[in-house]
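A short worksheet on the structure shown next.
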Amino acid sequence: QKEVEQNSGPLSVPEGAIASLNCTYSDRGSQSFFWYRQYSGKSPELIMFIYSNGDKEDGRFTAQLNKASQYVSLLIRDSQPSDSATYLCAVRVTGGGNKLTFGTGTQLKVEL
Amino acid sequence: DGGITQSPKYLFRKEGQNVTLSCEQNLNHDAMYWYRQDPGQGLRLIYYSQIVNDFQKGDIAEGYSVSREKKESFPLTVTSAQKNPTAFYLCASSLASGANVLTFGAGSRLTVL
Chain Y
-13 QKEVEQNSGP LSVPEGAIAS LNCTYSDRGS QSFFWYRQYS GKSPELIMFI
37 YSNGDKEDGR FTAQLNKASQ YVSLLIRDSQ PSDSATYLCA VRVTGGGNKL
87 TFGTGTQLKV EL
Chain X
593 DGGITQSPKY LFRKEGQNVT LSCEQNLNHD AMYWYRQDPG QGLRLIYYSQ
643 IVNDFQKGDI AEGYSVSREK KESFPLTVTS AQKNPTAFYL CASSLASGAN
693 VLTFGAGSRL TVL
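Just so you know, the sequences run in chain order Y and X. Going letter by letter, the first sequence gives residues -13 to 98 in this note's numbering. Going letter by letter, the second sequence gives residues 593 to 705 in this note's numbering.
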């Protein structure tokens, strides 16, 4: 079982819709959860991070964490064509130093 | 402006040659990391360093070497022992405490001819 799993997609949504990206993780000792966006050929850039169960909102983005079920999700409201990218989920495990373990990413396509 | 500078952006290497990728940061971050990304894949950790003069192997360290002689610098050498070195290499840094958010450089794309 992979440590961090994501559906590779592509996930296609129409412009203005809500995009829902999901990530599951295997280590119950995971403490910190991060969502990065990566455009083709570019480096990842942080969208947001979450530590506690529940929702965390930042503009059009909402991260949701459920530690009991070991999943974290990212909702993008009012999706725009500029949101088309690969979204990487990353997890930090307590006792693992500061290193992050990344999922393989979900490709999102926002269609006009 | 604070950030992470990776060089070169593109690098071509013949089989059997060692190459060194540069990574410099002026963010005053304690920790630095090297990740490798293959097409359609996530990031895999090669090496990381949480303090000067100390570093640890990541998940795929074989065929790579690093040094951390200065806080600002964390160069990665891809040796001839690395069997499949063609990839996109990403350097990142973070504070040692707090949110530990990783900031990435622009990446170096290595192609073995």
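Cβ atoms here follow ideal geometry from the backbone N, Cα and C, with glycine treated the same way.
- The beta carbon of residue 604(X) sits no closer than 8 Å to any beta carbon of chain Y.
- Collapsing the DSSP output to three states places residue 641(X) in a strand.
- Selection 641(X), 596(X), 606(X) and 622(X) evaluated against residue 614(X) yields 596(X) as nearest (Cα-Cα).
- In the same chain as residue 98(Y), and ignoring 5 residues on each side of it, the C-beta atoms closer than 6 Å to its own belong to 1, in chain order.
- The beta carbon of residue 618(X) sits closer than 6 Å to the beta carbons of 594 from its chain, once the five residues preceding and following it are set aside; these are given in chain order.
- According to the DSSP assignment, residue 647(X) belongs to the beta strand (DSSP E) that extends over 646 to 649.
- Taking the beta carbon of residue 85(Y) as reference, the chain X residues within 8 Å of it are 625, 637, 640 and 650, listed in sequence order.
- Around the beta carbon of residue 66(Y), fewer than 16 other beta carbons lie within 10 angstroms, which makes this residue exposed.
- Counting of Cβ neighbours within 10 angstroms places residue 662(X) among the exposed residues, the total staying below 16.
- Any Cβ of chain Y closer than 8 Å to the Cβ of residue 692(X) would place that residue at the interface, and such an atom is present.
- Its Cα nearest to that of residue 651(X), the residue 637(X) stands out among 608(X), 637(X) and 629(X).
- In terms of beta-carbon proximity, residue 78(Y) lines the interface with chain X, with at least one pair separated by less than 8 Å.
- Contact between residue 22(Y) and residue 32(Y) holds: their C-beta atoms lie close to 6 Å from each other, under 8 Å.
- DSSP places residue 85(Y) in no beta strand (DSSP E); its state is neither H nor E.
- Interface criterion met: the Cβ of residue 697(X) is under 8 Å from a Cβ in chain Y.
- Note that the region 598 to 607 of chain X does not touch the region 50 to 64 of chain Y; fewer than 3 beta-carbon pairs, one per stretch, sit closer than 8 Å.
- Nearest to residue 55(Y) by C-alpha distance, out of 49(Y), 86(Y), 10(Y) and 3(Y), is 10(Y).
- Taking the CA atoms as reference points, residue 87(Y) sits about 19 Å from residue 71(Y).
- Residues are counted here when their Cβ sits less than 9 Å from a Cβ of chain X; for the region 4 to 35 of chain Y these are 18, 20, 22, 24, 27, 28, 29, 30, 31, 32 and 35, given in chain order.
- Around residue 53(Y), the same chain offers 39 as residues with beta carbons nearer than 7 Å, after the five sequence neighbours per side are excluded.
- Taking the C-beta atoms as reference points, residue 4(Y) is found no nearer than 8 Å to residue 19(Y).
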